[in-house]
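Here the structure comes first, spelled out in structure tokens, and everything after it is commentary.
2 protein chains.
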Amino acid sequence: FIRQYHVETRRPGIETRLSAWARDPVLTEEELAYGARVAWRNSTRCIGRLPWAALQVRDRRYVTQPDEIFTELIEHLRMAYAGGKIRPVISVFGPGVRIVNDQLLRYAGYVQADGTVIGDPQNVALTQYLQKLGWAGGKGTSFDLLPVAIQSDTGRTELFTLPQDVTQEVLITHPDCPAIGDLGLRWPALPVISNMTLSVAGQHMTCAPFNGWYLQTEIAARNLADEHRYNMLPAVAQALGLDTSRRRSLWQDRALVELNVAVLHSFDQAGVRISDHHAVTRQFERFAAEEARAGRRVRGRWSWLIPPLSPATTPVWSRQYLDQEITPNFVRQTPAWT
Amino acid sequence: FIRQYHVETRRPGIETRLSAWARDPVLTEEELAYGARVAWRNSTRCIGRLPWAALQVRDRRYVTQPDEIFTELIEHLRMAYAGGKIRPVISVFGPGVRIVNDQLLRYAGYVQADGTVIGDPQNVALTQYLQKLGWAGGKGTSFDLLPVAIQSDTGRTELFTLPQDVTQEVLITHPDCPAIGDLGLRWPALPVISNMTLSVAGQHMTCAPFNGWYLQTEIAARNLADEHRYNMLPAVAQALGLDTSRRRSLWQDRALVELNVAVLHSFDQAGVRISDHHAVTRQFERFAAEEARAGRRVRGRWSWLIPPLSPATTPVWSRQYLDQEITPNFVRQTPAWT
Ligand code: HEM
Ligand code: HEM
């Protein structure tokens, strides 16, 4: 990577730097920043890579204490939210620590006696793990934000509750159908992935939370729609007055589109940045063209890049990408509870 | 394959048959029928494989003359259409012949002086090839059915026009929006793929047209919708009175759903069998379960199996399949004009 950094940025002094690296393999702040940006550029499953070079990198490798990390996370959230004009940011913390939560802003999933789940079924295991660590549980609504669990290099895990002024959420309403607003749906403004390892030049940074802004399909075509998530399509269809007796009437497809309209409308009204699948796939075309111009193969996993709504209307549908990982990159961690 | 046939159908006499085959490798009628069914079962890109064992196989290997083939094609279309209760049928013709058309029922694509296309842009090359062979062209509408070109073992190609009583088409109307009906859209009732080679036991049958029934997404989410096909989403959106000035209003997504509703409605009204993507993907789950029960790996190409409309609402979205071809199978031919 050190070599790549010098070549791509046309920085001189490559040989001197390489021999220094051989003695003391510590990334400079600039190298780390470039490494994080290239890690994003190399993320095969990410459709939002066009602005990879604009990623803001907070070098906090000297921070290793859970409480200090937590203070820095609050600062990260403030800087990233930026009053709704969301900026892509990554904070890189010291070695040996990790965040248990897969994202900083996640809703609890409470299993009921009858086996059903209140909240987000995807977060049931995380919720139970946090409860074992001492979390008393939230109010019991469908949208209780979970505390953040930070594991220090001693193996001890501490829980922290984010202050309300950095956990902005958007209430979901529909421009023409008030009954959809009455469902009381909401979603966090910021997607902050907090459980992936940033891997640069053989260094593995296990605590390096990063955020972009949402693509509406993530919220409206998966998180709120999937049967094994919030499963809201039947309720949305009812709000729209659709006949849900036969799948062949395409009530699911109609409800899905209107839920996507609602999420885009709500974020726009709230002044919170969000992409739509038509725009982001066209931006990805530009990214692919720029990569080709730079002489690099465009890596991508087609099955993750196509949107789950009307995919064949987007330019990504008819493309092929090289599905191959290279470093720098972001690598998944095994959950703390397994 | 001969061995597989005996094992799967529990037919005795396998050793006798194998030594006979070594001397004279000609498939019996039963072997051919089973081979064609297994070729369907092995079609990784086909979501409609559940009824593979019910494929009706017409053994016409003794037919090799274009005019006789044409007569048999008419018979095939009649038997397959069955008054709307479409049945999956394959006709297997003699060696050395092929059909130039990729499907028996295709619309012409006429290139205009300004470069635009009247009809189906996908069939421009086929249309020009047929014109070179002597076709005078049709009326010049967007939906002129093309003649069928059959190439004999001498290399000569003859043109034939199918009689109207075997080229059923369905006029597309919408249950609630008459303006969509006013667009004058239509589509053939039957998908008859006519340019794939049936490969069984090392035998390559180049003329073996087969049909199933349509899945509505093929017509409504691709053929009529794609920008490089009939590109009807803007017109459908206008018929629906949608604001098409910003993609972010999701007018394409809304028009797409309503076009799918219209196609299902129209086929249902006309009494012509058609699948919807919710039902066919659930049938495919049953197919996969049956295959697993029979001890066979489920082969599939995920990118072809997911529907282009609301794919994440179907069970196929979260599955993985072995993307690997085995014989018996259907293999693509290079077009006659290349
Ligand atoms: C700027 C706006 C961004 C948008 C619109 C965007 C969009 C997306 C989407 C839609 C996914 C698929 C998520 C899923 O289906 O679960 C994704 C995945 C991913 N993105 Fe981005 N992204 C953005 C920024 C970023 C940034 C800043 C980074 C890192 C610096 C990043 C790295 C990744 C990675 C590593 C994945 C794969 C996650 C996984 O495996 O679960 N993205 N992105
Ligand atoms: C019975 C109803 C059937 C349905 C609903 C169905 C559905 C489909 C669909 C949706 C596709 C993808 C088409 C595309 O995107 O271009 C497909 C492909 C395919 N199907 Fe089926 N199918 C049916 C019957 C059959 C039969 C009877 C056969 C053969 C005996 C067959 C063999 C194939 C093959 C070989 C492909 C790949 C075609 C290619 O590569 O272009 N299908 N099917």
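As given, the protein sequences belong to chains A and B, one line each in that order. 1 is the number of the first residue of the first sequence in my numbering; add one for each residue after it. 1001 is the number of the first residue of the second sequence in my numbering; add one for each residue after it. Built from N, CA and C at the ideal position, the CB exists for glycine as well. All values reported here derive from a predicted model rather than from experimental measurement.
Residue i beta carbon near ligand 2 (any heavy atom closer than 8 Å)
i                : result
V1280 of chain B : yes
F1330 of chain B : yes
F1287 of chain B : no
G1212 of chain B : yes
M1232 of chain B : no
G1300 of chain B : no
R1058 of chain B : no
I1090 of chain B : yes
M1196 of chain B : yes
L322 of chain A  : no
W1317 of chain B : no
R1098 of chain B : no
R247 of chain A  : no
Candidates the options, of which the one nearest residue i by Cα
i                : options                               : result
V280 of chain A  : A:F160, A:V316, A:A312 and A:W251     : A:V316
V26 of chain A   : A:M205, A:E291, A:R229 and A:P335     : A:M205
R98 of chain A   : A:L159, A:A125 and A:V89              : A:L159
E218 of chain A  : A:A239, A:L183, A:P209 and A:L264     : A:L264
L1162 of chain B : B:G1184, B:D1067 and B:Q1128          : B:D1067
C46 of chain A   : A:Q324, A:R319, A:Y5 and A:R301       : A:R301
P1307 of chain B : B:F1284, B:E1290 and B:G1295          : B:F1284
H1277 of chain B : B:Y1214, B:V1089 and B:Y1230          : B:Y1214
Q1004 of chain B : B:R1247, B:S1249, B:Y1034 and B:R1106 : B:Y1034
Q1103 of chain B : B:H1174, B:C1207 and B:A1054          : B:C1207
T157 of chain A  : A:V261, A:A289 and A:V100             : A:V100
I274 of chain A  : A:K85, A:I74 and A:R297               : A:K85
R58 of chain A   : A:E169, A:P209, A:L105 and A:S142     : A:P209
L146 of chain A  : A:Q164, A:R106 and A:L190             : A:R106
S1142 of chain B : B:P1335, B:P1188 and B:L1242          : B:P1188
Q216 of chain A  : A:P234, A:V261, A:N231 and A:V236     : A:V261
Q1324 of chain B : B:S1245, B:H1006, B:T1044 and B:A1201 : B:T1044
G184 of chain A  : A:V200, A:I150 and A:Y230             : A:Y230
A1149 of chain B : B:G1241, B:S1318 and B:T1127          : B:T1127
Y1081 of chain B : B:A1201, B:Q1168, B:G1109 and B:E1072 : B:Q1168
V1236 of chain B : B:A1039, B:A1270, B:V1200 and B:I1172 : B:I1172
Q1269 of chain B : B:P1175, B:E1030 and B:W1040          : B:P1175
L1032 of chain B : B:P1335, B:Y1110, B:G1241 and B:P1328 : B:P1328
P1335 of chain B : B:Q1151, B:G1013 and B:R1023          : B:Q1151
Beta-carbon separation (whole angstroms), residue i vs residue j, contact threshold 8 Å
i                : j                : result
L50 of chain A   : R332 of chain A  : Contact doesn't hold; Cβ gap of about 23 Å is too wide.
A36 of chain A   : L18 of chain A   : About 21 Å; that fails the 8 Å criterion.
V1170 of chain B : R1186 of chain B : 6 Å
T313 of chain A  : Q1252 of chain B : 5 Å
P121 of chain A  : H228 of chain A  : 6 Å
V1272 of chain B : A1288 of chain B : The Cβ separation is near 27 Å, so there is no contact.
N211 of chain A  : L198 of chain A  : With 8 Å as the limit, N211 of chain A and L198 of chain A do not qualify as a contact, their Cβ atoms being about 13 Å apart.
L1309 of chain B : Y1321 of chain B : Not really, about 20 Å apart at Cβ, beyond 8 Å.
Any non-hydrogen atom of ligand 1 within 8 Å of residue i CB
i                : result
Y34 of chain A   : no
F1 of chain A    : no
P1311 of chain B : no
G1295 of chain B : no
L55 of chain A   : yes
W40 of chain A   : yes
E218 of chain A  : yes
G84 of chain A   : no
P51 of chain A   : yes
C46 of chain A   : yes
R1017 of chain B : no
L215 of chain A  : yes
_3-residue-minimum beta strand (DSSP E) runs that sit fully inside the region 1112-1140 of chain B, ordered along the chain_ = 1117-1119
*Taking three-plus beta-carbon pairs below 8 Å as touching, is the region 1057-1066 of chain B in contact with the region 1216-1224 of chain B?*
no
*asked:* For a minimum of 4 consecutive residues, which ranges assigned as the alpha helix (DSSP H) are wholly contained in the region 278-331 of chain A?
replied: Here the runs fully enclosed are 302-305.
*Is there contact between the region 1178-1196 of chain B and the region 1126-1140 of chain B, where contact requires at least three CB pairs shorter than 8 Å?*
Taking 8 Å as the limit for Cβ pairs, the verdict is that the region 1126-1140 of chain B does not touch the region 1178-1196 of chain B.
*Any chance the region 250-258 of chain A sits against the region 193-207 of chain A, with 3 or more Cβ pairs inside 8 Å?*
no
*asked:* Ignoring anything shorter than 4 residues, give me the alpha helix (DSSP H) runs that lie fully in the region 14-59 of chain A, in order along the chain.
replied: 14-23 and 29-41
*How about the region 83-94 of chain A and the region 109-119 of chain A: do they share at least three Cβ pairs that are nearer than 8 Å?*
no
_Secondary structure, alpha helix (DSSP H): runs of 4+ residues fully inside the region 193-245 of chain A_ = With a minimum length of 4 residues, the continuous alpha helix (DSSP H) runs that stay inside the region 193-245 of chain A are 233-239.
*Identify every run of the beta strand (DSSP E) within the region 1068-1096 of chain B, keeping only runs that are complete inside it and at least 3 residues long; order them along the chain.*
Counting only runs of 3+ residues, the beta strand (DSSP E) found wholly inside the region 1068-1096 of chain B occupies 1089-1093, in chain order.
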